[in-house]
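Notes follow the structure.
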Amino acid sequence: MILLKLEADKNRFCFFLNDWDRFCCFRYAILIFGFTSSPFVLGCILKPHAAKYTLDACRRMIEDRFYVDNFVTSEADPVKLAKLYSLARERLQEGGFVIQSCNSNDEALRTRMKEDGSLSAHDEEWEKVLGGYRYNPLSEEMHVGRVKCDPDASTKRGMLSEAAKIFDPLSFCLPVTVRSQILIRSVWKNGLG
1 MILLKLEADK
11 NRFCFFLNDW
21 DRFCCFRYAI
31 LIFGFTSSPF
41 VLGCILKPHA
51 AKYTLDACRR
61 MIEDRFYVDN
71 FVTSEADPVK
81 LAKLYSLARE
91 RLQEGGFVIQ
101 SCNSNDEALR
111 TRMKEDGSLS
121 AHDEEWEKVL
131 GGYRYNPLSE
141 EMHVGRVKCD
151 PDASTKRGML
161 SEAAKIFDPL
171 SFCLPVTVRS
181 QILIRSVWKN
191 GLG
């Protein structure tokens, strides 16, 4: 059992690098959305793992294409995409990362993912992807999930709370959400609510 002398030591995680040659410790700096560590840990571990390989398209993908714990990439050539999928899967498995819940709009790659056991097995036609958006890989359509808003939110705090329910990091809904922002600004500016 380890006795932690400082409160800050509770926010550390440690692991071995380079086949047990070097022991590394990291400390959390700031975690905005609570203390959910796995995406943060994944990001810190993937960089040194990817650095073991020569600088190629696959390494750049592993280093740059993760958003939290989702890996997102695109490629115009289906053959090149299949090769990148195989190479990324192989390299990540070497690091102990199990790839699960993959998807593609290319039917041949979807068949291969199914054979590998990594094809996303969602019951719904639309599956959640980055930032809460929903995506249908067969029709290649994406949409924002429905948000239930309270029409009686008449205070400034209530209006701000309702506007914050719409999570749209890629600004697909900007023509709609900007109106709520303008309304909130005018309420604050005019001292209403």
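The sequence shown begins at 1 in the UniProt record's numbering and counts up by one.
Heads up, the beta-carbon is just placed ideally off N, CA and C, and yes, glycines get one too.
None of these values were measured; they are calculated from a predicted model.
Check your understanding: What is the DSSP secondary structure of Arg65, reduced to helix, strand or coil?
Key -> coil
Check your understanding: If you draw a straight line from the alpha carbon of Met142 to that of Arg22, how long is it in whole angstroms?
Key -> 44 Å
Review point. Skipping 5 residues on each side, what residues in its chain have a beta carbon closer than 8 Å to that of Gly43?
Key: Phe66
Review point. Does the beta-carbon of residue 194 have 16 or more other beta-carbons within 10 angstroms, so that it is buried, or is it exposed?
Key: In the structure displayed, the chain extends from 1 to 193; residue 194 sits before or after that span and is not available.
Practice item. Put Glu162 into one of helix, strand or coil per three-state DSSP. Key: helix
**Study point:** Rounded C-alpha distance that separates Glu107 from Leu160
**Key:** 43 Å
Check your understanding: Considering only C-alpha positions, which residue in the set Gly191, Val41, Glu94, Ser104 is nearest to Asp77?
Key -> Ser104
Check your understanding: In three-state terms, what does DSSP make of Leu109?
Key -> helix
Exercise for review: Look at the alpha carbon of Leu81 and the alpha carbon of Leu87, and state the distance between them as a whole number of angstroms.
Suggested key: 10 Å
Check your understanding: Straight-line CA distance for Leu192 to Arg91?
Key -> 57 Å
Point to revise | CA nearest to the CA of Asp116, picked from Pro151, Phe167, Ser180, Arg89 | key: Arg89
Exercise for review: Rounded to whole angstroms, what's the CA-CA distance from Ser101 to Leu109? Just pull it up for me.
Suggested key: 13 Å
Check your understanding: In chain order, what residues of the same chain have a beta carbon less than 8 Å from the beta carbon of Ala163, not counting five sequence neighbours either side?
Key -> Thr177, Ser180, Gln181, Ile184
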